[in-house]
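Notes to accompany the following structure.
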Amino acid sequence: ADRRGDPAGELVKHLRSQIGDRGSVIVWNKSFEGGRHIELASMYPEYSNFLLDLNHRMYDLADVFKHGDYLDPKFEGSWSIKKVLPVLVSELSYQDLIIGEGGLAMLNWWEMISAGESISQDAMSDIKQNLLQYCQRDTLAMVEIWKYLKRLTG
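As structure tokens, then:
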């Protein structure tokens, strides 16, 4: 997509090229991610089989914490990745990011795709960079939490 539009179609195309049609996909909060796949499948029917199949391939890493398989009082009763990550992987958190939580990420995404010409190229670039940093941290967080749990289980 151009810089002034919704890049979701290009995102789905890139996602398919990177993930492929086989193997597990680790997520945090499967119901949320699955809902986004369903929305995207209706918007991009040429990718609907791929997107809907992803929902069957997802493993929800949050389930370990949500279902009480691993508890720590420092989670403060939450299974949010923002609470779990700094307890298990102390050198990582979201504190250093400009966009450090999902609600703010969604607001920034909406601003980026709907602003039209009302936002400067520099501001658009900043939002995109901040969103990428947030997504990278989410991905790194899941990888590091998975590695932590793998060490525990041998």
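So for the sequence shown, my numbering puts the first residue at 1; every next one is plus one.
The C-beta atom is built at its ideal place from N, Cα and C for all residues, glycine as well.
Relative to the C-alpha of SER48, which residue among LYS30, ILE26, ARG16 is closest? Locating residue 48 in the sequence shown gives position 48, where the first residue counts as 1. Checking every option, the nearest Cα to that of SER48 belongs to ARG16.
Check whether the Cβ atoms of ASP163 and LYS30 sit closer than 8 Å, and answer yes or no. Shown here, the chain extends from 1 to 154; a query on residue 163 therefore has no answer.
Let's test the definition: count the other Cβ atoms within 10 Å of the Cβ of TRP79 and tell me whether it reaches 16, buried, or not, exposed. For the purposes of this step, residue 79 is taken as the residue at position 79 of the sequence shown. Result: buried.
Based on the DSSP output, what are the partners of MET58 in its beta bridges? As a working note, residue 58 is residue 58 in the sequence shown. Beta bridge pairing from DSSP links MET58 with VAL25.
Answer with buried or exposed for VAL12, where buried requires no fewer than 16 other C-beta atoms within 10 angstroms of its C-beta. Position 12 of the sequence shown holds residue 12. By the 10 Å Cβ count, VAL12 comes out buried.
Tell whether a beta-carbon distance below 8 Å holds between LEU97 and GLN133. Looking up residue 97 in the sequence shown gives position 97. Looking up residue 133 in the sequence shown gives position 133. Their beta carbons are under 8 Å apart, which means LEU97 touches GLN133 by this criterion.
Given this structure, state the Cα-to-Cα distance separating GLU46 from LEU85, to the nearest angstrom. Taking the first residue of the sequence shown as position 1, residue 46 is located at position 46. Taking the first residue of the sequence shown as position 1, residue 85 is located at position 85. Straight-line Cα distance between these residues: approximately 36 Å.
Grouping DSSP H, G and I as helix and E and B as strand, with all else coil, what is TYR148? Here residue 148 refers to the residue found at position 148 when the sequence shown is read from its first residue. Note: TYR148 maps to helix in three-state DSSP.
GLY102 and TYR94 closer than 8 Å at C-beta: Taking the sequence shown and counting its residues from 1, one reaches residue 102 at position 102. Taking the sequence shown and counting its residues from 1, one reaches residue 94 at position 94. Not closer than 8 Å, so no.
Output needed for ILE19: all residues of its chain with C-beta closer than 8 Å, excluding positions within five of it in sequence on either side, in chain order. Within the sequence shown, residue 19 is the residue found at index 19, counting from 1. Only VAL25, LEU54 meet the Cβ criterion.
Separation of ARG151 from TRP28, as counted between CA atoms: For the purposes of this step, residue 28 is taken as residue 28 along the sequence shown, with counting starting at 1. For the purposes of this step, residue 151 is taken as residue 151 along the sequence shown, with counting starting at 1. Rounded to whole angstroms, TRP28 to ARG151 spans 19 Å at the Cα level.
Looking only at its own chain, which residues have a Cβ that is under 8 Å from the Cβ of ASP21, when we skip the five neighbours before and after it? Sequence index remark: in the sequence shown, residue 21 carries index 21 (1-based). Cβ neighbours of ASP21 beyond the five flanking positions: PHE50, ASP53.
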